[in-house]
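Here's the structure we're looking at; comments come further down.
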Amino acid sequence: METKFYPQREMIFTKHPVFDNVKAAMFITSKEANMACVCLIEIAPGSETPIHKHEEQADSVFVVQGHGETYVNGSWQPIEPGDYLYIPVQGEHGTRNTGTEPLRLFVHHSPPLV
Numbered sequence: 010m011e012t013k014f015y016p017q018r019e020m021i022f023t024k025h026p027v028f029d030n031v032k033a034a035m036f037i038t039s040k041e042a043n044m045a046c047v048c049l050i051e052i053a054p055g056s057e058t059p060i061h062k063h064e065e066q067a068d069s070v071f072v073v074q075g076h077g078e079t080y081v082n083g084s085w086q087p088i089e090p091g092d093y094l095y096i097p098v099q100g101e102h103g104t105r106n107t108g109t110e111p112l113r114l115f116v117h118h119s120p121p122l123v
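Residues in the sequence shown are numbered consecutively from 10, following my numbering.
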């Protein structure tokens with residue numbers, strides 16, 4: 010695999026395959042790398058990714074833009090730009106946008122989810 014560069018002006022967001030009012034800009038998928046997938050998730054104001062878990066993936070999540078709440082360790086916690094979350098394999102998690110602008114999350118799944 011060669012080094013990849015994704016200028017912000019060229020990022021393409023598409024509808025998330027599972028969650029309503031959520032978009033994803035996919036950077037690295039299992040097609041490009043067998044160890045991780047990387048994306049930028051955008052959650053619309055008033056929307057959420059419901060509480061769920063991944064059977065095989067650990068997630069690293071960095072809050073890039075917006076404000077919201079994330080469900081970790083059995084409770085909802087406020088999140089804002091600069092916050093980081095690590096979700097272990099089978100860790101319950103979910104995120105909701107409580108702000109007025111899109112909530113953007115830089116997400117790394119390992120092994121790849123897609």
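Ideal placement from N, C-alpha and C gives every residue a C-beta, glycine not left out.
These figures come from a predicted structure and were not determined experimentally.
Item checked: Residue closest to L114, alpha-carbon to alpha-carbon, out of Q99, Y93 and K40 -> Nearest option by C-alpha distance: Y93.
Notebook entry, point to check: K32: which of T23, P16 and S39 sits nearest, CA to CA?
Noted result: When only C-alpha atoms are compared, the closest one is T23.
Item checked: Burial state of I21, where buried means 16 or more other Cβ atoms lie within 10 Å -> The residue in question, I21, is exposed, as its Cβ has fewer than 16 Cβ neighbours within 10 Å.
Notebook entry, point to check: Tell me which same chain residues have a C-beta within less than 6 Å of the C-beta of E57, skipping the five on either side of it?
Noted result: These residues qualify, in order along the chain: R105.
Next item on the list: Can you grab the Cα-Cα spacing for the pair T107 / T12, in whole Å?
Entry: Distance from the CA atom of T107 to the CA atom of T12, rounded to whole angstroms, is 36 Å.
Note to self: Quick test of your reading: Q74 and P90, contact by CB under 8 Å. State the CB separation rounded to the nearest angstrom.
What the structure shows: Confirmed, Cβ separation roughly 6 Å.
Check: Roughly how far, in whole angstroms, is the beta-carbon of A7 from the beta-carbon of M10, given that I think they are within contact range, below 8 Å?
Finding: This structure gives no information on residue 7, because the portion of the chain shown stretches from 10 to 123.
Checklist line | Helix, strand or coil at E19 [DSSP, three-state] | finding: E19: helix per DSSP, three-state reduction.
Check: Taking Cβ to Cβ, would you say H118 is nearer than 9 Å to H61?
Finding: By the CB criterion at 9 Å, H118 and H61 fall outside the cutoff.
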